[in-house]
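Asker:
Protein chains: 2
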Amino acid sequence: MKTINVAIIGVGVVGTSVIKTLQDNQDIISARTGVKIIPKLGIARNIKNKYVNIPLSTNLDDALENPEIDMIVELVGGVDLPFQIALKALTNKKSFVTANKAMLAYHRYELETQRQGTPIGFEASVCGGIPIIKILRDGLCANHILSIRGIMNGTSNYILTQMSHTNADFEVALKQAQNLGYAEADPTLDINGSDSAHKLLILSSLAYGIHAKVEDIIIEGIEGLIPEDIQFAKEHDYAIKLLGIAKKQDNELDLRVHLCMIPKDSMLAKVDGAMNAISVIGDKVGEGLYYGAGAGGSETASSVISDIMEIARNKTAPMLGYVSNSQSLEQVVMLAPKEKISSRYYVRLKVNDKPGVLSIIANILAIWGISIQSLIQRNANENSYANQHEIQHKKSQQNQNLESVFLLLSTHICCETQIQGALKELYNLQEVLEKPFMIRIEQLT
Amino acid sequence: MKTINVAIIGVGVVGTSVIKTLQDNQDIISARTGVKIIPKLGIARNIKNKYVNIPLSTNLDDALENPEIDMIVELVGGVDLPFQIALKALTNKKSFVTANKAMLAYHRYELETQRQGTPIGFEASVCGGIPIIKILRDGLCANHILSIRGIMNGTSNYILTQMSHTNADFEVALKQAQNLGYAEADPTLDINGSDSAHKLLILSSLAYGIHAKVEDIIIEGIEGLIPEDIQFAKEHDYAIKLLGIAKKQDNELDLRVHLCMIPKDSMLAKVDGAMNAISVIGDKVGEGLYYGAGAGGSETASSVISDIMEIARNKTAPMLGYVSNSQSLEQVVMLAPKEKISSRYYVRLKVNDKPGVLSIIANILAIWGISIQSLIQRNANENSYANQHEIQHKKSQQNQNLESVFLLLSTHICCETQIQGALKELYNLQEVLEKPFMIRIEQLT
Chain A
1 MKTINVAIIG VGVVGTSVIK TLQDNQDIIS ARTGVKIIPK LGIARNIKNK
51 YVNIPLSTNL DDALENPEID MIVELVGGVD LPFQIALKAL TNKKSFVTAN
101 KAMLAYHRYE LETQRQGTPI GFEASVCGGI PIIKILRDGL CANHILSIRG
151 IMNGTSNYIL TQMSHTNADF EVALKQAQNL GYAEADPTLD INGSDSAHKL
201 LILSSLAYGI HAKVEDIIIE GIEGLIPEDI QFAKEHDYAI KLLGIAKKQD
251 NELDLRVHLC MIPKDSMLAK VDGAMNAISV IGDKVGEGLY YGAGAGGSET
301 ASSVISDIME IARNKTAPML GYVSNSQSLE QVVMLAPKEK ISSRYYVRLK
351 VNDKPGVLSI IANILAIWGI SIQSLIQRNA NENSYANQHE IQHKKSQQNQ
401 NLESVFLLLS THICCETQIQ GALKELYNLQ EVLEKPFMIR IEQLT
Chain B
1 MKTINVAIIG VGVVGTSVIK TLQDNQDIIS ARTGVKIIPK LGIARNIKNK
51 YVNIPLSTNL DDALENPEID MIVELVGGVD LPFQIALKAL TNKKSFVTAN
101 KAMLAYHRYE LETQRQGTPI GFEASVCGGI PIIKILRDGL CANHILSIRG
151 IMNGTSNYIL TQMSHTNADF EVALKQAQNL GYAEADPTLD INGSDSAHKL
201 LILSSLAYGI HAKVEDIIIE GIEGLIPEDI QFAKEHDYAI KLLGIAKKQD
251 NELDLRVHLC MIPKDSMLAK VDGAMNAISV IGDKVGEGLY YGAGAGGSET
301 ASSVISDIME IARNKTAPML GYVSNSQSLE QVVMLAPKEK ISSRYYVRLK
351 VNDKPGVLSI IANILAIWGI SIQSLIQRNA NENSYANQHE IQHKKSQQNQ
401 NLESVFLLLS THICCETQIQ GALKELYNLQ EVLEKPFMIR IEQLT
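Taken in order, these protein sequences are the chains called A and B.
Taken in order, the first sequence gives residues 1 to 445; the numbers are from full-length UniProt numbering.
Taken in order, the second sequence gives residues 1 to 445; the numbers are from full-length UniProt numbering.
1) Pick helix, strand or coil for residue 2 (chain B), following the three-state DSSP scheme.
2) What ranges does the alpha helix (DSSP H) occupy inside the region 48–100 of chain B, keeping only unbroken runs of at least 4 residues that lie completely in it?
3) Use the C-beta contact count for residue 367 (chain B): other C-beta atoms within 10 angstroms, 16 or more gives buried, fewer gives exposed.
4) Does residue 106 (chain B) come out as helix, strand or coil in the three-state DSSP assignment?
5) Specify the secondary structure class of residue 350 (chain B) as computed by DSSP and reduced to three states.
6) Assign residue 238 (chain A) to buried or exposed, taking buried as 16 or more other Cβ atoms, counted over all protein chains shown, within 10 Å of its Cβ.
7) When the Cα atoms are used, what is the spatial distance from residue 76 (chain B) to residue 140 (chain A)?
8) Establish whether the CB of residue 310 (chain B) and some CB of chain A are separated by less than 9 angstroms.
9) Closer than 7 angstroms between beta carbons: that is the criterion. Which residues of the region 251–278 of chain A meet it against chain B?
10) I need the straight-line Cα distance from residue 425 (chain B) to residue 153 (chain B), nearest angstrom please.
11) What residues match up with residue 275 (chain A) in a beta bridge as DSSP calls it?
12) State whether the region 335–355 of chain B contacts the region 226–234 of chain B, with contact taken as three or more CB pairs (one from each stretch) at a distance under 8 angstroms.
13) My parser needs the beta strand (DSSP E) runs of 3 or more residues fully inside the region 131–162 of chain B; what are they?
14) To the nearest angstrom, report how far apart residue 64 (chain B) and residue 303 (chain B) are at their CA atoms.
15) Let me know if residue 84 (chain B) comes out buried or exposed under the rule of 16 or more other beta-carbons within 10 Å of its beta-carbon.
16) May I have the straight-line CA-CA distance separating residue 201 (chain B) from residue 105 (chain B), to the nearest angstrom?
17) Among the residues of its own chain, which have a CB less than 6 angstroms from the CB of residue 193 (chain B), if the five just before and after it don't count?
18) Tell me the DSSP secondary structure of residue 22 (chain A) in three-state form.
19) Are three or more beta carbon pairs between the region 294–308 of chain B and the region 122–130 of chain B nearer than 8 angstroms?
20) Can you give me the Cβ contacts of residue 284 (chain B) inside the same chain, cut-off strictly under 7 angstroms, excluding the 5 residues immediately before and after it?
21) For the region 98–120 of chain B, which residues have a CB atom closer than 8 angstroms to at least one CB atom of chain A, in sequence order?
22) Need the endpoints of the alpha helix (DSSP H) that residue 243 (chain B) sits in, please.
23) Please indicate yes or no: does the CB of residue 343 (chain A) lie closer than 8 angstroms to some heavy atom of the ligand SAM?
24) Where residue 253 (chain A) and residue 203 (chain A) are concerned, what is the direct C-alpha to C-alpha distance, given to the nearest angstrom?
25) Any beta carbon of chain A sitting closer than 9 angstroms to that of residue 345 (chain B)?
26) Among residues of its own chain, excluding the 5 on either side of residue 107 (chain B), which ones have a beta-carbon nearer than 7 angstroms to its beta-carbon?
27) Closer than 7 angstroms by beta-carbon distance: list the chain B residues that pair up with residue 92 (chain A), in chain order.
28) Can you list, in chain order, the residues of its chain with a C-beta nearer than 7 angstroms to that of residue 162 (chain A)? Leave out the 5 residues immediately preceding and following it.
29) If we ignore side chains and look at the alpha-carbon of each, how far apart do residue 73 (chain A) and residue 292 (chain A) end up?
30) What would DSSP say about residue 343 (chain A), mapped onto helix, strand or coil?
31) For residue 385 (chain A), which residues of its own chain have a beta-carbon under 6 angstroms away from its beta-carbon, when the five flanking residues on both sides are left out?
32) Within 9 angstroms (strictly less), CB to CB, does residue 220 (chain B) reach chain A?
33) Can you tell me where the beta strand (DSSP E) with residue 259 (chain A) in it begins and where it stops?
34) Quick check: the Cα distance between residue 206 (chain A) and residue 103 (chain A), rounded to an integer number of angstroms?
35) At a CB-CB cut-off below 8 angstroms, which residues of chain B make contact with residue 306 (chain A)?
Now the structure itself:
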């Protein structure tokens with residue numbers, strides 16, 4: 001039986017699980033590939049306290065320059081070092097498998113150009129336990145993809161679920177996520193939408209062959225959300241989720257990551273806790289939804305090894321979904337300008353509770369061509385969650401002696417330019433006490 | 001650019017859609033494979049009234065014996081003729097793609113043996129729009145699969161959904177399904193569980209390398225279900241679904257198709273109408289759920305063409321998930337004897353409403369070692385759904401002058417032998433007025 005020797009760079013939770021799974025499940029891995037896949041060497045910055053039974057080294061070149069090693073599995077994290085590792089592996093004609101979404105968000109097209117036929121696998125880079133890369137590339141490949149909408153970050157979904165189920169506020173739910181190991185000590189990338197954006201960019205390359213960049217798309221996180229928003233959503237039969245969205249209209253692709261209100265009876269709304277799910281609509285296949293673990297050691301290892309096995313089987317699918325350059329397509333897909341994106345919107349305004357305020361606000365919205373669909377007023381006293389956590393207090397000093405209320409409203413469809421313009425003008429009003437908070441309403445149709 | 005000529009045998013709803021999609025989406029299909037795929041010829045029994053713009057013939061050999069044809073797509077239906085077509089295609093070294101679950105349920109291992117490296121694709125044979133074959137074979141291949149549980153038949157799921165949402169009885173819901181085109185004029189295979197069983201056998205080959213046969217597994221359909229059963233399920237927080245189930249315990253594989261009560265908050269319980277979904281638990285990846293259209297022309301065409309494209313890309317994955325014979329695995333998986341299967345059970349008994357009946361029934365259950373978890377008594381007068389539709393009336397003549405009631409009960413875990421034995425004995429009681437009806441309760445854990 002043919003043998004493939006693999007070096008694992010980065011022996012943390014995922015790396016350890018990759019090594020153990022290659023050993024534990026060696027029976028089926030050989031039976032399903034016809035190849036013996038051997039975890040030959042682990043590379044780690046510090047080789048103490050590693051619970052694996054293979055040789056370890058601290059020297060990258062022991063893997064990258066070793067002619068006995070056929071394949072490099074990169075599980076280091078970060079952007080620059082892994083990119084250097086990838087380039088060196090490709091230069092030395094070693095297959096390369098990675099779980100690194102951030103590196104691919106920035107460098108996937110450079111790797112595609114540099115690899116010259118050497119296989120690259122990255123199933124584990126998007127939603128650890130969901131084989132969404134292969135689903136898009138191999139399963140749905142006959143379709144023009146009309147949209148991708150997904151819960152792509154387990155940490156933020158856990159926090160949103162806690163806030164929704166227990167009325168916890170953001171800070172409390174975040175602490176719970178950290179205590180349970182769902183959130184890093186520094187959870188910034190998870191919470192500000194960046195991690196989801198990295199994944200969305202990778203999926204867009206597969207579905208649309210588009211070389212979109214992090215800096216060109218709307219990326220918003222889950223900060224700023226308060227229980228009053230969730231209450232409003234529930235009363236209007238919505239759930240609130242952080243979605244990565246790709247939507248194709250004509251030749252324009254609308255890419256964005258932000259909080260959404262979605263119909264509470266939809267499958268996506270049922271995806272709770274640290275789980276992930278991605279809904280894809282193809283022009284022929286209609287809607288499919290793919291649900292599974294978003295992270296975790298053995299879950300991610302499962303995807304890493306599916307790539308190793310694919311390479312062992314000697315498959316030759318294109319790395320980013322397109323064999324020929326996407327330029328050769330009759331219909332070239334371009335990124336839609338952010339301003340043209342349209343949606344329904346939910347807006348939370350904290351305002352002075354005095355006569356005439358609503359009329360001023362409604363007037364500004366009307367000037368921007370925005371019509372209100374529903375409106376609720378709710379008390380916003382000093383004990384409200386928003387105040388406890390000091391969300392962007394603006395003019396609270398000068399308005400101290402007036403009661404404040406929340407105006408919670410939803411709009412009919414309008415453009416991003418309209419809502420952003422209106423919100424900016426509203427924020428300038430003396431009657432508006434803190435920065436307006438907005439969530440887009442996705443009907444999922 | 002390399003060219004592949006495809007002949008489509010069977011130009012019905014799916015065949016027409018395959019031809020049209022190959023033409024409509026030719027841009028992305030070429031970009032994603034680097035190959036020009038041409039629908040060259042259609043074969044149909046009757047070539048009148050076909051809405052495709054390619055040459056048609058009624059002679060199979062125009063495709064099978066034509067050296068210009070590289071690939072045969074079989075969309076005929078049935079078992080024997082398609083199997084003969086497959087054998088001839090393989091003999092002539094033409095790649096073979098099929099959507100035919102029945103033929104594969106009986107002949108998949110013969111095809112695997114005969115093909116000698118010629119590619120065979122059958123993504124469309126299981127749950128039309130869900131790429132579950134590729135998910136199992138390529139995405140989850142690092143895992144020992146612990147269980148597969150799925151809603152694999154859209155017609156029966158539509159009927160169950162209607163019964164649940166509108167309290168319709170079985171006959172009415174079936175008629176609705178037929179009016180909407182979800183059910184065939186002869187819906188036998190959909191309703192009696194056979195269609196789901198065919199799909200389950202195919203998935204089991206991929207997941208376990210097991211050559212199980214239709215006649216060796218439990219196959220039950222949705223007939224006999226009445227609104228009282230659904231009411232009981234709702235009151236106990238269950239939904240009723242027809243599931244195909246594969247569960248591995250040690251070296252034994254438990255394969256079966258039957259109605260199940262499942263927790264109403266589970267993702268599977270939310271799968272309504274004609275949609276399909278399959279939950280797979282892998283030892284490393286945990287649970288994943290894959291949801292999409294179960295049938296339909298363009299949905300099935302999407303999967304057929306994903307196979308065509310895979311072959312065009314020249315992939316060499318094993319046909320049934322295992323390269324080497326599954327005998328070479330250390331742990332050979334064997335089919336579990338039906339009798340050893342254990343579960344919780346729901347039982348509906350129609351009985352005479354007279355003192356002492358419950359005691360007699362409880363006594364029989366106790367003798368068989370079955371303990372009751374919950375029990376409800378409900379009126380079963382002449383206007384009940386069961387009576388309207390004459391479900392297995394047995395001794396109604398001799399008991400005419402007594403009121404009858406339903407006893408609806410759920411049991412703790414027991415074996416199939418126990419429940420079947422007890423039900424048989426209960427049916428023999430004069431007090432039991434019709435054949436006992438049973439549904440297994442799956443906790444989905």
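From the three backbone atoms N, C-alpha and C, an ideal C-beta is built for every residue, glycine too.
Note that this is a predicted model, so its numbers are computed, not measured.
Answerer: Reading from the atomic positions:
1) For the purposes of this step, residue 2 (chain B) is taken as residue 2 along the second sequence, with counting starting at 1. The answer is strand: DSSP assigns residue 2 (chain B) an E or B state.
2) 61–64, 80–91
3) Along the second sequence, read from residue 1 onward, the residue named residue 367 (chain B) stands at position 367. Residue 367 (chain B) is exposed by the Cβ-count criterion.
4) Position 106 of the second sequence, counting from 1, holds the residue named residue 106 (chain B). Here residue 106 (chain B) sits in helix by DSSP.
5) Position 350 of the second sequence holds residue 350 (chain B). Of the three classes helix, strand and coil, the one that applies to residue 350 (chain B) here is strand, per DSSP.
6) Your numbering for residue 238 (chain A) matches position 238 in the first sequence. Its Cβ being crowded by 16 or more others within 10 Å, residue 238 (chain A) is buried.
7) Looking up residue 76 (chain B) in the second sequence gives position 76. Looking up residue 140 (chain A) in the first sequence gives position 140. Whole-angstrom Cα-Cα distance: 23 angstroms.
8) In the second sequence, the residue the question calls residue 310 (chain B) occupies position 310. By this cut-off, residue 310 (chain B) is an interface position.
9) 267, 270
10) Your numbering for residue 425 (chain B) matches position 425 in the second sequence. Your numbering for residue 153 (chain B) matches position 153 in the second sequence. Roughly 33 angstroms separates the two Cα atoms.
11) Within the first sequence, the letter at position 275 stands for residue 275 (chain A). The partner list for residue 275 (chain A) (beta bridge, DSSP) reads A:293.
12) yes
13) 145–151
14) As a position in the second sequence, residue 64 (chain B) is number 64, starting the count at 1. As a position in the second sequence, residue 303 (chain B) is number 303, starting the count at 1. If I take the Cα positions, the gap works out to 22 angstroms.
15) In the second sequence, counting from the first residue as 1, residue 84 (chain B) sits at position 84. When all chains shown are included, residue 84 (chain B) counts as exposed.
16) Translated into positions along the second sequence, residue 201 (chain B) becomes position 201. Translated into positions along the second sequence, residue 105 (chain B) becomes position 105. Their Cα atoms are separated by approximately 6 angstroms.
17) For this step, residue 193 (chain B) is matched to residue 193 along the second sequence. Contacts found: 219, 220, 221, 257.
18) If you number the first sequence from 1, residue 22 (chain A) lands on position 22. Three-state result, residue 22 (chain A): helix.
19) yes
20) If you number the second sequence from 1, residue 284 (chain B) lands on position 284. Result list for residue 284 (chain B): 142, 143, in chain order.
21) none
22) In the second sequence, counting from the first residue as 1, residue 243 (chain B) sits at position 243. Taken as a continuous stretch (DSSP letters only), residue 243 (chain B) belongs to no alpha helix (DSSP H), being part of the beta strand (DSSP E) at 238–249.
23) Questions concerning the ligand SAM fall outside what the structure shown contains, since it holds no ligand whatsoever.
24) The count along the first sequence starts at 1 and reaches residue 253 (chain A) at position 253. The count along the first sequence starts at 1 and reaches residue 203 (chain A) at position 203. One C-alpha to the other measures close to 13 angstroms.
25) As a first step, residue 345 (chain B) must be located in the second sequence, where it is residue number 345. Chain A, which has no Cβ nearer than 9 angstroms to the Cβ of residue 345 (chain B), makes this no.
26) Taking the second sequence and counting its residues from 1, one reaches residue 107 (chain B) at position 107. Around residue 107 (chain B): 83.
27) Taking the first residue of the first sequence as position 1, residue 92 (chain A) is located at position 92. What residue 92 (chain A) touches in chain B: nothing, since even the nearest Cβ is about 25 angstroms away.
28) Position 162 of the first sequence, counting from 1, holds the residue named residue 162 (chain A). Result list for residue 162 (chain A): 168, 173, 176, in chain order.
29) Counting from 1 along the first sequence, the entry for residue 73 (chain A) is found at position 73. Counting from 1 along the first sequence, the entry for residue 292 (chain A) is found at position 292. Using only the alpha carbons, I get a separation of about 23 angstroms.
30) The residue given as residue 343 (chain A) occupies position 343 in the first sequence. It is a strand residue.
31) In the first sequence, counting from the first residue as 1, residue 385 (chain A) sits at position 385. Because the pLDDT at residue 385 (chain A) is just 45, under 50, the model does not fix this residue reliably, and the point stays unresolved.
32) Taking the first residue of the second sequence as position 1, residue 220 (chain B) is located at position 220. Chain A, which has no Cβ nearer than 9 angstroms to the Cβ of residue 220 (chain B), makes this no.
33) Along the first sequence, read from residue 1 onward, the residue named residue 259 (chain A) stands at position 259. That run of the beta strand (DSSP E) goes 252–263.
34) Locating residue 206 (chain A) in the first sequence gives position 206, counting from the first residue. Locating residue 103 (chain A) in the first sequence gives position 103, counting from the first residue. C-alpha separation (whole angstroms): 16 angstroms.
35) Along the first sequence, one-based indexing puts residue 306 (chain A) at 306. Near residue 306 (chain A) (Cβ distances below 8 angstroms), the residues of chain B are 138, 139, 140, 141, 142.
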